[in-house]
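Here is the structure we will look at, set down as structure tokens.
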Amino acid sequence: MNAVPTPKTPLVTMIGGGQLARMTHQAAIALGQTLRVLAVTPDDPAAQVTPDVVIGSHTDLDALRRAAEGADAFTFDHEHVPTDLLEKLIAEGVNVAPPPQALVHAQDKLVMRRKLADIGAPIPRYAEVSAAAEIDAFAGGRPVVVKTARGGYDGRGVLIANDLGEARDFASRNLAAGIPVLVEEQVAMRRELAALVARSPFGQGAAWPVVETVQRDGICVEVVAPAPGLDDEIASAAEQLALRLAAELGVVGVLAVELFETADGALVVNELAMRPHNSGHWTMDGARTSQFEQHLRAVLDYPLGDTSPIAPVTVMANVIGGPDKPAMEMDERLHHLFGRIPDAKVHLYGKEQRPGRKIGHINIVGDDVATLRERAGRAAHWLSHAEWTDGWDGH
Ligand code: AIR
């Protein structure tokens, strides 16, 4: 008997088994693909759901090689793979997307600031710190932010300094550990925005509407898409800036440009991420093409998808672990949530609940910003805390 030929479907490898890989796998299923992930443990959010898992560390070349075997594209759910290892994989023929020359700008804030300054993109005043005492002169009496150049996310590695003593302590601690540090002015801002785009190797670019992001303790808690009341000119300038950065840096895949809208209505680039990003979770239920599908299309060099919103407003609220884990199981919380807010679209990551940890998100679409924010926030708080913010009691 002849063997049934298995049709060749593309294989994409994603390094990191977190929620971003989990949701990328979800998009891969609809495209008839399987996403292979390199996960640290079989319990990682993506390792729970994809059959093709390599267990290992993203700093182990052999593990990366095993994950890369036979892959049409090799991409990331976080930006921490050392670029020298990526160079080795490229030399062995692996299609790394985004390539290390681009990715380094999302890994290292000093490299990113220098490059952005070079190409004339708007950035805050900054300086590399080689000794903690330099911070005083830089600050000149004004408030500063101190950051480690590498390794931080969700507020880690960033200190919005209350005073100079605190800023110097943070700098000396990190410098002593051999971690490069930079200092930046605290930008007087109206709010935070994010411009999310994707770029394919062919050079096609696509931008979603610019969103407003709300952070608490350095963690994104809420996203409103599109950013309410944003001036059309600023919105289009932000989109153009993100598309230009994607092209100039040679990004392949999704690029998130985190921005400050300053008190006087200008834009300043805060950070870059080259992967699906929290500011794009709303696209799963609020746009014609989700960021996860778009990332796959981009790394495989397919034509990109339509980025238009499907409703006037989408609000995304993160489900973030509170100080205590509620006695009520998640399943029961979900049951109650659906009883009360049936149009809440729930995305849970299969993560152990810990204080301050993102364990899921809620999307709600509609047309009134204030109502949607209240409902999405209430739904997310219920799922993490098992308590209704308006005191409602279902029993
Ligand atoms: N992530 C990576 N950089 C920023 C974010 N949000 C996602 C990735 C990663 C996961 O968060 O999907 O794998 C790690 O989450 P945690 O809570 O385990 O630290």
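Under my numbering, the letters of the sequence shown match residues 333 to 727, in that order. No residue lacks a Cβ here, since even glycine has one placed at the ideal position from N, Cα and C. Just so you know, these numbers come straight off a predicted model, no measurement behind them.
*Per DSSP, which residues does F408 bridge with? Please list them.*
I347, per the DSSP bridge assignment.
*Would you say the beta carbon of G723 comes nearer than 6 Å to a heavy atom of the ligand AIR?*
Distances between the C-beta of G723 and the heavy atoms of the ligand AIR are all 6 Å or more.
*Skipping 5 residues on each side, what residues in its chain have a beta carbon closer than 7 Å to that of M333?*
Low confidence applies here, because M333 scores a pLDDT of 47, under 50, leaving its location unreliable and the question unanswered by this model.
*Could you tell me which uninterrupted alpha helix (DSSP H) segments, each at least 4 residues in length, are contained entirely in the segment 371 to 443, listed from first to last along the chain?*
Runs found: 393 to 400, 415 to 423, 432 to 439.
*Specify, as a first and last residue, the run of the alpha helix (DSSP H) that Q623 falls within.*
Looking at the DSSP string, the run of the alpha helix (DSSP H) that includes Q623 is 623 to 631.
*Determine the closest residue to V586 out of V515, L680, G535, D384, with distance taken between C-alpha atoms.*
V586 has its Cα closest to that of G535, out of V515, L680, G535, D384.
*Could you give the uninterrupted runs of the alpha helix (DSSP H) lying entirely in the segment 667 to 723, keeping only those of 4 residues or more?*
The segment 667 to 723 is shown to contain whole alpha helix (DSSP H) runs of 4 or more residues at 701 to 717, in chain order.
_Pick from A493, Y485, A659 that is closest to H412, judged by C-alpha positions_ = For H412, the nearest C-alpha among the options comes from Y485.
*Please go through the same chain and pick out, in chain order, the residues whose beta-carbon is closer than 6 Å to the beta-carbon of Q351, but skip the five residues on each side of it.*
So the list reads P377, Y681, once near-sequence residues are dropped.
*Taking only heavy atoms of the ligand AIR into account, decide whether any of them is closer than 6 Å to the Cβ of H390.*
Every heavy atom of the ligand AIR is 6 Å or more from the Cβ of H390, so no.
*Can you tell me whether DSSP reads A464 as helix, strand or coil?*
Here A464 sits in coil by DSSP.
_Spatial neighbours of F408 within its chain, please: C-beta separation below 7 Å, excluding the five flanking residues on both sides._
Within the same chain, F408 has close Cβ partners M346, I347, G348, R607.
*Element boundaries [alpha helix (DSSP H), containing I566]*: Looking at the DSSP string, the run of the alpha helix (DSSP H) that includes I566 is 564 to 581.
_So that I know if they touch, is there some Cβ in chain C lying closer than 7 Å to that of V678?_
Here there is only one protein chain, and chain C is not present.
*asked:* In the DSSP assignment, the alpha helix (DSSP H) including M616 goes from what residue to what residue?
replied: Element bounds for M616: 615 to 618.
*In three-state terms, what does DSSP make of E524?*
Residue state, collapsed to three classes: strand.
*Does DSSP classify G653 as helix, strand or coil?*
Of the three classes helix, strand and coil, the one that applies to G653 here is coil, per DSSP.
*Over the uninterrupted alpha helix (DSSP H) stretch that includes R500, give me the two end residues.*
496 to 508 is the span of the alpha helix (DSSP H), which, as asked, contains R500.
*Got a list of residues with beta-carbon closer than 5 Å to any non-hydrogen atom of the ligand AIR, in chain order?*
Going along the chain, the residues that qualify are G348, G350, Q351, L352, D409, H410, Y485, R689.
_Taking contact to mean 3 or more Cβ pairs, one atom from each stretch, closer than 8 Å, check whether the segment 427 to 444 and the segment 492 to 504 are in contact._
No, they do not touch.
*Among A453, R474, G452, V443, which one has its Cα closest to the Cα of E460?*
Looking at A453, R474, G452, V443, the one whose alpha-carbon comes closest to that of E460 is V443.
*asked:* Within 10 Å of its beta-carbon, does H667 have 16 or more other beta-carbons around it, so buried, or fewer, so exposed?
replied: Exposed is the label assigned to H667, since fewer than 16 other Cβ atoms lie within 10 Å of its Cβ.
*Going by C-alpha distance, which of M662, I694, D675, P342 is nearest Q685?*
It is M662 whose Cα lies nearest to the Cα of Q685.
*Span of the beta strand (DSSP E) holding T545?*
It spans 543 to 548 - the beta strand (DSSP E) in which T545 sits, taken as one unbroken run.
_Considering only the alpha carbon of each residue, which of H357, A353, L363, Q358 lies closest to K340?_
Checking every option, the nearest Cα to that of K340 belongs to L363.
*Kindly indicate which residue of G618, L370, P342 has the alpha-carbon position closest to the one of A353.*
For A353, the nearest C-alpha among the options comes from L370.
*asked:* Please identify the residue among T415, K420, A453 whose C-alpha is closest to the C-alpha of L435.
replied: With distances taken between Cα atoms, L435 lies closest to T415.
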